[in-house]
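Data block below; observations after.
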Amino acid sequence: MDIRLHNTLTREKQVFSPQNPQRVTMYVCGPTVYSYAHIGNARPPVAFDVLFRLLRARYGADHVVYASNITDVDDKIIAAAAETSRPIAEITELYERIYREDVGALGVIEPTHRPHATDHIGGMIEMIETLVKKGHAYPGNDGVLFDVPSMADYGKLSGRNREDMIAGARVEVDGGKKDPADFALWKAAKPGEPKEARWDSPWGEGRPGWHVECSAMAKAVLGETIDIHAGGLDLIFPHHENEIAQSECAHGRPMANYWLHNGFLAMDSEKMSKSLGNVKLIHDLLKGWDGEVLRLALLSAHYRGPLDFTEALLNQSKATLDRFYNALRRMDVEAADVSAPNGVMSALCDDLNTPLALAELSALATEANKAEPADWPRFKGQILAAGALLGLLQRDPEDWARGDASEADVIDARVAARVAARKAKDFAEADRIRKELVAEGIEIMDGPDGSTWRRV
Ligand SMILES: [Zn+2]
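Residue 426 in this note's numbering sits at position 147 of the sequence shown, with consecutive numbering throughout.
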């Protein structure tokens with residue numbers, strides 16, 4: 280079964296054919312770590328995690344190399360450090376750790392490489408030197424600039440015309456720009472900027488521009504031409520357009536063969552923005568919802584389309600997972616070692632059609648619920664294999680039914696308190712605790728080995 284992916288560069292769905300099936304390469308632009316990530320930021324890592332899983336299933340887990348960077352030097356980081364009077368490294372380490380915990384809770388597999396911009400400054404300087412030497416870059420008043428008119432096919436990814444590109448960049452010709460569309464490769468350090476945010480270069484102390492960071496990191500960990508480069512729709516211009524300009528002018532070959540972009544996430548049909556006060560952080564959502572519920576919600580729409588994130592969607596996602604886990608729980612047998620059913624596989628191979636894959640999984644659960652026990656091992660195996668491709672359903676169904684770990688601990692403690700009350704012959708107290716738990720939908724089962732509980 281071919282994997283077909285929509286390529287932003289060619290504007291069509293194409294059969295995916297890697298340069299080397301023994302080493303399939305993928306790069307997804309990662310976060311700038313100066314603050315908490317919001318749920319919209321979770322869409323690329325989750326959507327392309329499904330692609331990573333699909334590629335591993337197809338080419339073998341050891342034959343897919345996936346890199347997603349950490350941008351740990353940036354104007355926003357410098358501003359956050361200055362505002363809070365904290366060292367830059369303290370801020371970047373803290374928010375990188377939180378980011379990794381957050382996406383980990385959403386079931387995202389750790390990429391093969393997580394390059395940090397500050398570990399690749401040498402490679403960035405080298406790339407800028409090459410661009411200057413080849414006549415694609417020149418020193419300006421406060422750093423080095425990329426010479427956009429020097430690249431004949433600049434703009435091919437976004438398809439923007441020149442007026443749009445200039446409007447998207449800064450209108451005024453500043454910093455010694457020869458052309459309004461030219462962009463910064465190297466930014467000279469400004470007075471008062473911290474030492475940790477400046478490096479020596481042939482053009483004086485300074486730091487790299489954001490675009491060249493990704494170009495240099497992708498080359499360092501994956502190579503000059505990679506198979507897949509992905510990110511959010513908002514990165515097409517200028518970020519990815521500029522990555523293409525830098526890498527292709529430096530190396531004389533395509534930067535990536537397939538460019539994938541995920542759509543926007545809206546909050547209750549509105550754009551998520553600070554001014555509207557509707558920004559939802561992953562970190563905060565995880566306090567009220569299981570990470571797997573958030574993941575399913577994120578996968579409920581096709582990655583290229585918009586996703587409307589609502590409370591109703593979360594409730595529905597929770598109910599769907601309850602249903603899947605209940606089907607698994609009912610089939611009290613060892614799962615057969617089978618692969619994901621064709622319906623789920625072909626949906627994912629068709630440009631990662633996760634809504635269709637979930638509908639197939641749902642139909643499978645319905646069938647499983649009606650199946651004879653003799654067929655349970657196969658059904659259970661298929662549901663688990665499909666779940667593994669989607670990054671869902673890999674937990675013990677009993678644990679799922681009992682709720683999240685911290686909640687389960689609290690219930691365990693209340694059940695133990697009831698046992699203690701009974702031992703002390705305080706039957707009124709024991710009864711009170713039991714009634715309280717029953718009211719919350721928890722059934723206590725007293726047996727010779729003590730008391731256990733389950734949700735009903
Ligand atoms: Zn990038």
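All residues carry an ideal CB built from backbone N, CA and C; glycine is no exception.
- Counting only residues whose CB is nearer than 5 Å to a non-hydrogen atom of ligand 1, the list in chain order is C308 and C493.
- Excluding residues up to 5 positions away in sequence, R608 lie with their Cβ nearer than 7 Å to the Cβ of E677 in the same chain.
- With respect to V344, M403 sits apart: the two C-beta atoms are not nearer than 9 Å.
- When secondary structure is reduced to three states using DSSP, L373 falls in the helix class.
- Inside the stretch 490-549, DSSP marks whole alpha helix (DSSP H) runs of 4 or more residues at positions 520-530, from first to last along the chain.
- The alpha-carbon separation between R681 and D351 amounts to approximately 40 Å.
- For P459, there is no enclosing beta strand (DSSP E), as DSSP gives it neither H nor E.
- In this structure, N320 is the residue among N320, A647, K413 and R439 with its C-alpha nearest to the C-alpha of S552.
- Under the three-state reduction of DSSP, R337 is assigned to helix.
- In this structure, the straight-line span from the alpha carbon of S596 to that of P727 is close to 38 Å.
- Selection A614, A692 and L560 evaluated against H317 yields L560 as nearest (Cα-Cα).
- Taking 4 residues as the shortest admissible run, the stretch 622-664 contains the following complete alpha helix (DSSP H) segments, listed from N- to C-terminal end: 633-649.
- V423 has its alpha-carbon roughly 15 Å from the corresponding atom of A524.
- K292: not part of any alpha helix (DSSP H); member of the beta strand (DSSP E) spanning E291 to V294, first to last residue.
- In the structure shown, the three-state DSSP call for L555 is coil.
- Taking each of G567, P620, A606 and R365 in turn and checking the Cα distance to N594, the smallest one comes out for G567.
- Nearest neighbour of I357 by Cα position, chosen from R697, I349 and I367, turns out to be I367.
- Closest by C-alpha distance to A665, out of A497, A644 and T371, is A644.
- In terms of Cα proximity to K498, the closest of L514, L627 and E405 is E405.
- CA-CA distance, A687 to Q661, rounds to 29 Å.
- Contact annotation: the stretch 325-341 touches the stretch 380-392, with at least three C-beta pairs closer than 8 Å.
- If you ignore the 5 residues before and after T391, its C-beta comes within less than 7 Å of the C-beta of V344, Y345 and A346, all in its own chain and listed in chain order.
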